[in-house]
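Residue numbers (numbering that gives the first Met the number 0), protein chains in the order written: chain A, 0 to 135; chain B, 0 to 135. A virtual CB, placed ideally from N, CA and C, is assigned to each residue, including glycine. Heads up, the thing below is written out as structure tokens.
Number of protein chains: 2
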Amino acid sequence: MLSKKTKYGIKALTYLAKQDRKVPIQIATISESENISVKFLESILLSLRKSGILGSKKGKGGGYYLLKDASEIKMTSVMRVLEGPIAMIPCVSLNFYEKCDDCPDENACAVNKIMLKVRDNTLEIFRNTTLADLSN
Amino acid sequence: MLSKKTKYGIKALTYLAKQDRKVPIQIATISESENISVKFLESILLSLRKSGILGSKKGKGGGYYLLKDASEIKMTSVMRVLEGPIAMIPCVSLNFYEKCDDCPDENACAVNKIMLKVRDNTLEIFRNTTLADLSN
DNA sequence: TTTAATCCCTATCGGATTAGTAGGGTAATA
DNA sequence: TATTACCCTACTAATCCGATAGGGATTAAA
């Protein structure tokens with residue numbers, strides 16, 4: 000299941016992608032437009048800023064803005080920041096790899112086999128999709 | 000994240016797929032071979048039986064067995080029984096559809112758009128993969 | 001210089017889910 | 001009839017999620 004964090008994060012990012020990048024947008028504005036609680040959205044935007052996808056400006060007239068052009072922001076990085084691993088199980092994850100305790104041989108493991116396929120495919124989609132694609 | 004229930008379920012099913020279908024296999028046997036707690040495995044096999052993927056035989060010499068040939072058991076049905084929805088979000092789910100409260104228009108929703116792609120792709124993989132494919 | 005807007009950070013909390021445990025009931029077979 | 005093994009219910013510890021609360025720091029504008 001996709002977490003609400005990810006869902007809201009993607010919505011907020013596509014909202015920003017539709018705006019003039021030079022004008023910071025306030026949390027409250029996005030919150031109203033996308034029906035997201037202000038405080039929860041705040042924490043989401045914060046993590047997007049820390050990961051280098053968003054920039055922010057403090058004080059009056061401040062807000063959040065995309066650091067790069069929407070067409071240069073791939074869904075792979077967005078998903079990894081918001082949702083974490085793209086793979087459904089750690090033993091097939093590129094960025095969050097972990098061995099299974101119970102599994103003596105990954106190459107012989109049926110779960111590994113099928114989930115690897117799924118990961119490859121999903122990854123391909125996220126790699127070829129940018130924020131610009133989603134905001135049209 | 001794939002639940003352990005699903006992971007163990009797939010492992011148990013591929014184990015059964017390697018055996019003679021006419022001989023019931025006991026829970027304890029699968030449990031030992033695949034490193035799964037007996038009781039937890041018991042509840043998993045039970046739900047696989049209730050959903051019509053496995054058959055069971057009680058009493059001495061009893062156990063579980065595949066109801067169909069491994070090559071006829073698609074991963075779509077296995078995943079739906081064990082994990083539930085294949086889609087990452089209910090608004091793009093075929094079998095577990097639900098509308099999002101916060102979303103006025105699904106066709107204009109970026110999350111819907113990208114997750115629909117992912118679902119289509121994942122579904123395609125599960126449809127074209129059978130237990131037989133995994134047990135080789 | 002003051003004020004108000006806005007981001008920034010930490011802590012907390014209820015509810016849901018997960019993974020696993022325990023214990024006994026029931027049916028089938030030798 | 002004794003044994004084996006499935007079947008079912010209930011419980012629990014741990015974890016995660018979504019949300020809330022409250023204040024602190026920074027900046028722009030009056």
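Host beta strand (DSSP E) of residue i (start-end)
i: A:Leu47; result: Per DSSP, A:Leu47 belongs to no beta strand (DSSP E); it is in the alpha helix (DSSP H), Val37 to Lys49.
i: B:Ser55; result: Leu53 to Lys56
i: B:Leu133; result: Segment Leu130 to Leu133 is the alpha helix (DSSP H) holding B:Leu133; no beta strand (DSSP E) there.
i: A:Leu65; result: Gly62 to Leu65
Own chain residues within Cβ distance below 7 Å of residue i, not counting five before or after
i: B:Val80; result: Ser46, Leu47, Ser50 and Ile52
i: B:Ile43; result: Lys4, Tyr7, Gly8 and Ala11
i: A:Met114; result: Ala86, Met87, Ile88 and Val91
Check whether residue i and residue j have beta carbons under 8 Å apart
i: A:Met78; j: A:Phe39; result: no
i: A:Pro103; j: A:Tyr96; result: no
i: A:Leu1; j: A:Glu123; result: no
i: A:Thr129; j: A:Ser70; result: yes
i: B:Gly138; j: B:Gln25; result: Missing from the structure shown is residue 138 of chain B; chain B here goes from 0 to 135 and no further.
i: B:Tyr14; j: B:Ser32; result: yes
Terminal residues of the alpha helix (DSSP H) in which residue i lies
i: A:Gly8; result: Lys3 to Ala16
i: B:Leu81; result: Met74 to Leu81
i: B:Asp100; result: Per DSSP, B:Asp100 belongs to no alpha helix (DSSP H) and is neither H nor E.
Beta-carbon proximity list for residue i, same chain, < 6 Å, skipping 5 on both sides
i: A:Gly86; result: The question names Gly, yet the displayed sequence has Ala at residue 86 of chain A. These residues qualify, in order along the chain: Ser92 and Arg118.
i: B:Ala16; result: Ala69, Leu130 and Ser134
i: A:Ile29; result: Ala11 and Tyr14
Interface partners of residue i on chain A, CB under 8 Å
i: B:Ser134; result: Ala109
i: B:Thr121; result: Val117, Asn120 and Thr121
i: B:Leu47; result: Ordered by position in chain A, no residue passes the 8 Å Cβ test against B:Leu47, which lies about 15 Å from the chain.
i: B:Ile88; result: Met0, Leu1 and Lys6
Contacts of residue i in chain B (Cβ-Cβ under 9 Å)
i: A:Asp68; result: What A:Asp68 touches in chain B: nothing, since even the nearest Cβ is about 16 Å away.
i: A:Leu81; result: Correct list: empty, because the minimum Cβ distance to chain B is about 11 Å.
Same chain, Cβ closer than 8 Å to residue i, neighbours up to 5 away in sequence not counted
i: B:Gly60; result: Pro23
i: B:Asp100; result: none
Residue i: contacting residues in chain A (beta-carbon distance under 7 Å)
i: B:Asn34; result: Asp101
i: B:Ile9; result: Ala109 and Val110
Contacts of residue i in chain A (Cβ-Cβ under 9 Å)
i: B:Ile124; result: Ile113, Lys116, Val117 and Asn120
Residue i, buried or exposed, once every other Cβ within 10 Å from all chains shown has been counted against 16
i: A:Asn151; result: Outside the modelled stretch of chain A, which goes from 0 to 135, sits residue 151 of chain A, for which no answer is possible.
i: B:Ala27; result: exposed
i: B:Asn111; result: buried
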